[in-house]
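Everything on this sheet refers to the single structure shown next.
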Amino acid sequence: MIVYLRRKKKKTKAILFATLVLILLTTVVGIKVSSLYVKNIGLEKQESSLEEQIEAEQEKHIDLLKEQEYIKSDEYIEQLGREKFGLVKPDEIIFVNEDED
Numbered sequence: 001m002i003v004y005l006r007r008k009k010k011k012t013k014a015i016l017f018a019t020l021v022l023i024l025l026t027t028v029v030g031i032k033v034s035s036l037y038v039k040n041i042g043l044e045k046q047e048s049s050l051e052e053q054i055e056a057e058q059e060k061h062i063d064l065l066k067e068q069e070y071i072k073s074d075e076y077i078e079q080l081g082r083e084k085f086g087l088v089k090p091d092e093i094i095f096v097n098e099d100e101d
C-alpha cells in the first residue's frame, strides 16, 4: 500500500510538473504570437504608406516626362522666345498698353 501511494505521488508530481511546463510553454508561445501580431500590423501600415509613396513618385515621374516632352517641342521654344526675349513672328503686330507700365 505504501509503495502504491509513493507511485501515485510520483505520478501526481510528474503530471503536475508536465502541466506546469505546458502552461509555461503555452504562455511563452502566446506572448510571442501576440508580439509578432503587433509587429505584423505595424509592417502592414508601413507597407501601405510606402505603396502610397510609390504611387505619388510614379505620378511625379509621369509629369516630369510630359514636361520633358513639352520642353523639346516647338511650342515651348516659341513661348520662351515670346516671353523671355520679346520675339515676334514677321507678320505679327504688337500692341502695347501704356497703362501697364
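The sequence shown begins at 1 in UniProt numbering and counts up one residue at a time. Glycine residues also receive a C-beta, built at the ideal position from the N, C-alpha and C atoms.
Continuous alpha helix (DSSP H) stretch holding residue i: start and end
i, result
"K77", "Per the sequence presented here, residue 77 reads as Ile, with Lys not at that position. It spans 74-85 - the alpha helix (DSSP H) in which I77 sits, taken as one unbroken run."
Reduced DSSP secondary structure (H/G/I, E/B, other) of residue i
i, result
"I93", "coil"
"V33", "helix"
"V88", "coil"
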